[in-house]
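Written out below as structure tokens is the structure these notes cover.
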Amino acid sequence: DYSSQEVLLAADLYKEESILEAMASGVDFHLRTASIAYNEEITDPSDYRRQIAKTIIFATIYGAGPSKIAAQFGMPLKEAKRIVEAVKLAYPNLMSGLESKFEQTIKDGYITTNAYSKRRIYIQDFEEYRRLKEKLHRFKQYGWDIRPDLKDKLSYTESLIRRKSFNYPIQSSGADMAKVAGAILRKRSLETGLFQLVLLAHDEWVVRCREENSQQVAEILSKSMVEASALILTHSKAKAKAIVSKQWLK
51 DYSSQEVLLA ADLYKEESIL EAMASGVDFH LRTASIAYNE EITDPSDYRR
101 QIAKTIIFAT IYGAGPSKIA AQFGMPLKEA KRIVEAVKLA YPNLMSGLES
151 KFEQTIKDGY ITTNAYSKRR IYIQDFEEYR RLKEKLHRFK QYGWDIRPDL
201 KDKLSYTESL IRRKSFNYPI QSSGADMAKV AGAILRKRSL ETGLFQLVLL
251 AHDEWVVRCR EENSQQVAEI LSKSMVEASA LILTHSKAKA KAIVSKQWLK
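Numbering of the sequence shown is given in this note's numbering, commencing with residue 51 and proceeding in unit increments.
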């Protein structure tokens, strides 16, 4: 499977050099983020703050906020806001990139994926958002009292679009990467006759082969997945690790 695929895709898409450099050098990126969030050096991988920092990064990519962090870890909302803000300040390109993607999505009504697939994903909620915006504009234009439910619906619909504009480019690029890897692996399978493809699960491929060919197949698998990632990523290289086992593992 790919190592930290979603974080790598987000950092690559929005050119967050500090994340890319940390991941390329083999630094534990989540420990680094925890040190930033708590303003102290944290080196123990089992430190609970590493998991909090990891969750903040994924929550940001998925469009969640401090309330989600506070609820998940049972911390005061004020503390959650503080550490989320610290992480956001540490990765300005990622944050500005996500916001720019949202603004472009609101303007266009669809999300663009990556330079390889160049796919448009049309937003299901866009027509409702535009209808509510026009309705709010008429209320203001004629000086009518604006109903609270109208503002609430508009805010909710906008938040849906925001989350999708953050998440879809990363998830779809990850899917593209895995599917391209499958095409390459299929070709290698036919060329070598050493293995068969069994299952694609999110960012990992399961293949089967004879035990005496396992190390050779593991190498083919890793190289093929890295080859696929090079078509999607433009500023970094993915790492892929093959695990050899006599049983299928999660």
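Positions of the beta carbon are idealized from the N, C-alpha and C atoms, including for glycine.
Euclidean distance between Cα positions of residue i and residue j
i: T110; j: Y141; result: 11 Å
i: Q122; j: K131; result: 13 Å
i: Y112; j: E91; result: 27 Å
i: S96; j: I102; result: 11 Å
i: T162; j: Y218; result: 9 Å
i: A280; j: A268; result: 19 Å
i: P116; j: K237; result: 45 Å
i: G147; j: Y64; result: 5 Å
i: A120; j: L127; result: 5 Å
i: G107; j: K214; result: Correcting the residue identity first, residue 107 is Ile in this sequence and not Gly. Looking at the two C-alpha atoms, the distance is approximately 16 Å.
i: Q246; j: I282; result: 25 Å
i: K157; j: E149; result: 12 Å
i: A74; j: F216; result: 24 Å
i: V77; j: L70; result: 10 Å
i: N263; j: T242; result: 11 Å
i: S239; j: Q221; result: 27 Å
i: K296; j: I270; result: 18 Å
i: W194; j: Y206; result: 22 Å
i: M125; j: E135; result: 15 Å
i: V257; j: T105; result: 30 Å
i: A225; j: S286; result: 17 Å
Counted within 10 angstroms of its Cβ, other Cβ atoms place residue i as buried (16 or more) or exposed
i: Y172; result: exposed
i: R82; result: buried
i: W255; result: buried
i: Q55; result: buried
i: R100; result: buried
i: S85; result: buried
i: D253; result: buried
i: V248; result: exposed
i: E129; result: exposed
i: D202; result: exposed
i: L294; result: In the sequence as presented, Leu is not what sits at residue 294; that position holds Val. The residue is exposed, with fewer than 16 neighbouring Cβ atoms inside 10 Å.
Unbroken alpha helix (DSSP H) run spanning residue i, endpoints
i: V230; result: 198-242
i: E56; result: 55-63
i: L139; result: 127-140
i: T187; result: Reading the sequence as shown, one finds His at residue 187 and not Thr. Element bounds for H187: 176-191.
i: S96; result: Here S96 belongs to no alpha helix (DSSP H), and DSSP marks it neither H nor E.
i: Q265; result: 264-282
i: K304; result: This structure leaves residue 304 out entirely; the chain is present only between 51 and 300.
Span of the beta strand (DSSP E), counted from its first residue to its last, around residue i
i: V77; result: Note, V77: premise wrong, no beta strand (DSSP E); not H, not E.
i: V248; result: 245-251
i: V256; result: 254-259
i: I161; result: 160-162
i: I171; result: 170-172
Whole-Å CB distance - residue i paired with residue j, under 8 Å assumed
i: Y166; j: E208; result: Contact doesn't hold; Cβ gap of about 29 Å is too wide.
i: L58; j: A292; result: Actually they do not touch by this definition, with Cβ atoms about 18 Å apart.
i: I133; j: Y88; result: 7 Å
i: Q49; j: L244; result: Missing from the structure shown is residue 49; the chain here goes from 51 to 300 and no further.
Neighbourhood of residue i by C-beta, 8 Å cutoff - its chain only, sequence neighbours within 5 removed
i: L204; result: Y179, L182, K183, L186
i: Y160; result: R170, I171, Y172, I173, F176
i: T284; result: D62, A165
i: L210; result: D175
Chain-order list of residues whose beta-carbon lies under 7 Å from that of residue i (same chain, five-residue window excluded)
i: K250; result: According to the sequence provided, residue 250 is Leu. The question's Lys does not apply to it. Only A228, G232 meet the Cβ criterion.
i: K118; result: A109
i: R212; result: G113, F152
i: E277; result: I234
i: T93; result: L81
i: E66; result: Y141, N143, L144
i: C259; result: L244, F245, V267
i: A60; result: I111, L144, I220
i: T155; result: I161, I173, I211, S215
Neighbourhood of residue i by C-beta, 6 Å cutoff - its chain only, sequence neighbours within 5 removed
i: I196; result: F189
i: M145; result: K138
i: A72; result: F79, R82
i: A290; result: Y52, S272, M275, V276
Closer than 7 Å to chain C by CB, residue i
i: I220; result: Considering every chain present, this structure includes no chain C. It has just one protein chain.
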